[in-house]
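Novice: Chains as they are written, first to last, in the working numbering: chain A, 1 to 227; chain B, 1001 to 1297.
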Amino acid sequence: MIELKHVSKLYTNGVEALLDINLHIGKEEFVFIVGPSGAGKTTLMKMLYREEVPSSGQVIVDRVNVTELTPDQVPYLRRNIGVVFQDYKLLPRRTVYENVAFALQVTGAARSQIRRHTMQALELVGMLKRASSFPEELSGGEKQRVCIARAIVNNPPLLLADEPTGNLDPQTTFEIMELLDKINRRSTTLITATHNKNIVDMMKRRVVQLEAGRVIRDQQLGTYSSS
Amino acid sequence: MSVLSNLEFFVVEALRSIRRSGLMSIVAIGIVIISLTIFGMFLLFMANLGNIVAFMGSRLDIVAYVDKDLTADAAQVLQTSISQIGGVDTVVYVPKEEAWKNFREEFGAKLDLREVMDENPLPNSFSIKVTSPDVLPKVAESVANFADVSEVRYSGKLIKQIQTMVDAVRLGGLLLSVLLFFATLLIVVNTIRLTVLARETDIYIMRLVGATKSFIRWPFVIEGVLMGIMGGAFGIMILKFSYESVLARIKDALPFLPVVSDPNVLTLIYLSVGITGVLLGMLGGYISVSRILKEKG
């Protein structure tokens, strides 16, 4: 599914965000990327949906060499990748339904299709009853559910979650991780960047640990810290 | 994924955006109205000026005097030749007897010409009308080249002066219009840019979920077009009502002035004003969103 070959990212200000990363992630895997702030977790995620391009090396997603895409091809890559943010990035003046449907509208989907898929996504994340609410009326956990619904509404094979529980209390964190696990089991590859020790230790999945832009550990059924 | 199938989405987004930036949108539309009205006034002014020049030109004719002893047959041949010159509208042969009669009728009341002279001193002549004042000098020159023509007269100087003035006004007006167009464009661009900035998260999300650049651009282009249409519609209304009231007064006070009142010409002018408004808005919307798309790649 994902292949990173000797990927480095050097910013013009001299900061080395990533250094010679080699990583293979198979279909339907559930991978935690862990490490302290500034370790390069977010940069790594952004490479996958081409918000950033590597200074050297190659990024391959679903057999497509992302590094070689022209700007015109990028939108089509992104339709196959869902992204979940720590700060949800919901559009404030739109209802829950509109926020989720928006992701389909901008790809030019047919109206009937938009309605069906949006309802299904809201059903899956348990937000169907709040469809006509506005984001400001929702709790943090509910907002994150809507954000997840938007990310999966067009059934992408790959879901990226960047600190999805960073703003949530432990109980809600647990619920959101359960939801992400459920989506992963519906054959979606899931990559979650986090520095929440509890969820990593609890879920016991593959853990890739970054430090100062390098992979220092890649462990199946891992925990947050090497033991 | 055609533009048409997404049109509803684009228009809804554009209206949402205009509503959200309320006051600024109103200001921008107001400036579009003012600019388009000035532009339309200039077009109307030019059309009227052109009309007056053409009217004056059509009243100016060339008089070609011919040799005294030209026979009637030879005059007939010459008349045909002159009428074949490009730009000639009508050629009328004026025999010296008729010219003398006209002259006496015009001035005879004021003085008794018989006291001055008994014999008709006037030569035979042709009165030539041309299709447009521009060709006057050329036609006059061609006519002068005929061997039987002894002298050619026309009010070339006056026409030339008018033409020079019209050209100057036309150039000045054109420059003013271009200036006005860019000034208005700048305001439209900046207004829509404010709405672009207000919608940065929208645009970010759109890009993230795989909207193409043109898809992101369309709502802003339509926002501009809607502003252009609104500005254009008001501008046309202002122009139409004010021109019609001025027209009525001129027709009352100066009935001989050849003002433009042909509905076809007026419709064309109003249409150009409207189209300019739409173009202005379209371009404004396109430019305002292009920069942010370029920055973000």
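Even glycine gets a Cβ: it sits at the ideal position worked out from N, Cα and C.
Shorter than 7 Å, the distance from the beta carbon of Asp62(A) to the closest heavy atom of the ligand GTP, or not?
Specialist: Ligands in the displayed structure: none, and consequently the ligand GTP is not present.
Novice: Between the C-alpha atoms of Asp1252(B) and Ala1047(B), what's the straight-line distance to the nearest angstrom?
Specialist: Position 252 of the second sequence, counting from 1, holds the residue named residue 1252(B). Position 47 of the second sequence, counting from 1, holds the residue named residue 1047(B). Their backbone Cα atoms lie some 20 Å apart in a straight line.
Novice: Answer yes or no: does any C-beta atom of chain A fall closer than 8 Å to that of Gly1172(B)?
Specialist: Against the second sequence, residue 1172(B) aligns to sequence position 172. No, Gly1172(B) lies away from the interface with chain A (no Cβ there is under 8 Å from its Cβ).
Novice: In the DSSP assignment, what residue or residues form a beta bridge with Ala1064(B)?
Specialist: Taking the second sequence and counting its residues from 1, the one referred to as residue 1064(B) is at position 64. In the DSSP output, where bridge partners are listed per residue, Ala1064(B) has Phe1126(B), Val1152(B).
Novice: Using only the alpha-carbon positions, how far apart do Asp1067(B) and Ala1075(B) sit?
Specialist: Taking the second sequence and counting its residues from 1, the one referred to as residue 1067(B) is at position 67. Taking the second sequence and counting its residues from 1, the one referred to as residue 1075(B) is at position 75. Each residue's Cα considered, the two are about 10 Å apart.
Novice: Would you mind stating whether Leu1268(B) and Phe1181(B) have Cβ atoms separated by less than 8 Å?
Specialist: One-based indexing of the second sequence puts residue 1268(B) at position 268. One-based indexing of the second sequence puts residue 1181(B) at position 181. No. Outside cutoff.
Novice: Could you check what DSSP says for Leu247(A) in three-state terms: helix, strand or coil?
Specialist: A query on residue 247(A) cannot be resolved here, the shown segment of chain A reaching from 1 to 227 and no further.
Novice: Mind checking who Asp218(A) pairs with in its DSSP beta bridge?
Specialist: Within the first sequence, numbered from 1, the residue matching residue 218(A) stands at position 218. Its beta-bridge partners are Val208(A).
Novice: Of all the CB atoms in chain B, is at least one closer than 8 Å to the CB of Leu91(A)?
Specialist: One-based indexing of the first sequence puts residue 91(A) at position 91. For Leu91(A), the answer is yes, since a Cβ of chain B falls inside 8 Å of its Cβ.
Novice: Report buried or exposed for Thr1071(B), applying the criterion of at least 16 other Cβ atoms within 10 angstroms of its Cβ.
Specialist: If you number the second sequence from 1, residue 1071(B) lands on position 71. Classification of Thr1071(B): exposed, given that the 10 Å Cβ count is below 16.
Novice: Tell me, which residues are paired with Leu23(A) by DSSP?
Specialist: Taking the first sequence and counting its residues from 1, one reaches residue 23(A) at position 23. Its beta-bridge partners are Leu4(A).
Novice: Buried or exposed: Arg1153(B), going by 16 or more other Cβ atoms within 10 Å of its Cβ?
Specialist: In the second sequence, residue 1153(B) corresponds to position 153, counting from 1. With fewer than 16 Cβ atoms within 10 Å of its Cβ, Arg1153(B) is classed as exposed.
Novice: Is Met1001(B) helix, strand or coil when you go by DSSP?
Specialist: Numbered from 1 along the second sequence, position 1 holds the residue referred to as residue 1001(B). Residue placement at Met1001(B) is flagged as unreliable, the pLDDT there being 47, under the threshold of 50; a coordinate-derived value is accordingly withheld.
Novice: Could you give the residue range of the beta strand (DSSP E) that holds Thr223(A)?
Specialist: Your numbering for residue 223(A) matches position 223 in the first sequence. Counting along the chain, Thr223(A) falls outside any beta strand (DSSP E), and DSSP gives it neither H nor E.
Novice: Answer with buried or exposed for Arg1217(B), where buried requires no fewer than 16 other C-beta atoms within 10 angstroms of its C-beta.
Specialist: For the purposes of this step, residue 1217(B) is identified with residue 217 of the second sequence, where counting begins at 1. It counts as buried.
Novice: Considering only residues of the region 38–63 of chain A, which uninterrupted beta strand (DSSP E) runs meet the minimum length of 3 residues and lie entirely inside it, listed in chain order?
Specialist: Entirely contained in the region 38–63 of chain A, the beta strand (DSSP E) runs reaching 3 residues are, in chain order, 56–61.
Novice: Please state the DSSP three-state secondary structure of Asp169(A).
Specialist: Along the first sequence, read from residue 1 onward, the residue named residue 169(A) stands at position 169. Residue state, collapsed to three classes: coil.
Novice: Are the C-beta of Val1298(B) and some C-beta of chain A separated by less than 8 Å?
Specialist: Residue 1298(B) cannot be examined here, being either before or after the span of chain B that is shown, 1001 to 1297.
Novice: Does any CB atom of chain E fall closer than 8 Å to the CB of Ala1014(B)?
Specialist: This model lacks chain E altogether, as its protein chains are A and B.
Novice: Can you check which of these residues, Leu221(A), Arg93(A), Asn167(A), is closest to Val84(A) by C-alpha distance?
Specialist: To locate residue 84(A), count along the first sequence from 1; it is residue 84. That would be Asn167(A), whose Cα lies nearest to the Cα of Val84(A).
Novice: Check the DSSP bridge columns for Asp162(A) and list the partner residues they point to.
Specialist: Working through the first sequence from its first residue, we reach residue 162(A) at position 162. Paired residue(s): Ala193(A).
Novice: In chain B, which residues lie with their C-beta within 9 Å of the C-beta of Val83(A)?
Specialist: In the first sequence, the residue the question calls residue 83(A) occupies position 83. Correct list: Leu1208, Val1209.
Novice: Tell me the DSSP secondary structure of Phe32(A) in three-state form.
Specialist: To locate residue 32(A), count along the first sequence from 1; it is residue 32. Here Phe32(A) sits in strand by DSSP.
Novice: Is the region 1090–1104 of chain B in contact with the region 1172–1186 of chain B, if contact means three or more CB pairs nearer than 8 Å?
Specialist: No contact exists between the region 1090–1104 of chain B and the region 1172–1186 of chain B.
Novice: When DSSP labels each residue in this structure, what does Arg1089(B) get in the three-state scheme?
Specialist: Numbered from its first residue, the second sequence carries residue 1089(B) at position 89. The question names Arg, but residue 1089(B) is Asp in the sequence shown. Correct three-state label for Asp1089(B): strand.
Novice: Any beta carbon from chain B within less than 8 Å of Gly108(A)'s own beta carbon?
Specialist: Indexing the first sequence from 1 puts residue 108(A) at position 108. Closer than 8 Å to some Cβ of chain B, the Cβ of Gly108(A) qualifies, so yes.
Novice: Using a Cβ-Cβ cut-off of less than 8 Å, list which residues of the region 1173–1206 of chain B approach chain A; keep chain order.
Specialist: Here the close residues are Thr1201, Asp1202, Tyr1204, Ile1205, Met1206.
Novice: Going by alpha carbons, who is nearest to Ile1052(B) out of Tyr1204(B), Met1282(B), Ile1159(B), Ile1292(B)?
Specialist: Counting from one through the second sequence, the residue named residue 1052(B) turns up at place 52. Of Tyr1204(B), Met1282(B), Ile1159(B), Ile1292(B), the residue nearest in Cα terms is Ile1159(B).
Novice: Measure from the alpha carbon of Ser1272(B) to the alpha carbon of each residue in Leu1226(B), Met1041(B), Asp1073(B), then state which is nearest.
Specialist: Here the question's residue 1272(B) lines up with position 272 in the second sequence. Taking only the C-alpha atoms, the option nearest Ser1272(B) is Met1041(B).
Novice: Shortest alpha-carbon distance to Gly1277(B) belongs to which of Leu1015(B), Ile1029(B), Ala1014(B)?
Specialist: Against the second sequence, residue 1277(B) aligns to sequence position 277. The residue with the shortest Cα to Cα distance from Gly1277(B) is Ile1029(B).
Novice: For Leu91(A), which residues of its own chain have a beta-carbon under 8 Å away from its beta-carbon, when the five flanking residues on both sides are left out?
Specialist: As a position in the first sequence, residue 91(A) is number 91, starting the count at 1. Around Leu91(A): Glu98, Asn99, Phe102, Pro135.
Novice: I'd like the list of long-range same chain contacts for Asn22(A), defined as Cβ closer than 7 Å, with 5 residues on each side in sequence excluded.
Specialist: As a working note, residue 22(A) is residue 22 in the first sequence. Only Leu4, Lys5, His6 meet the Cβ criterion.
Novice: Curious, which full-length alpha helix (DSSP H) runs of at least 4 residues does the region 1154–1217 of chain B contain?
Specialist: Segments of the alpha helix (DSSP H) lying fully in the region 1154–1217 of chain B: 1156–1198, 1200–1208.
Novice: Quick check: the Cα distance between Asn80(A) and Ser112(A), rounded to an integer number of angstroms?
Specialist: As a position in the first sequence, residue 80(A) is number 80, starting the count at 1. As a position in the first sequence, residue 112(A) is number 112, starting the count at 1. Each residue's Cα considered, the two are about 20 Å apart.
Novice: How far does the beta strand (DSSP E) with Val83(A) in it extend, from its first residue to its last?
Specialist: For this step, residue 83(A) is matched to residue 83 along the first sequence. Run containing Val83(A): 81–84, per the beta strand (DSSP E) assignment.
Novice: Using CA coordinates, which residue listed in Trp1100(B), Leu1060(B), Thr1131(B) is at the minimum distance from Asn1120(B)?
Specialist: Residue 1120(B) sits at position 120 when you count from the first residue of the second sequence. For the residues Trp1100(B), Leu1060(B), Thr1131(B), the minimum Cα distance to Asn1120(B) belongs to Trp1100(B).
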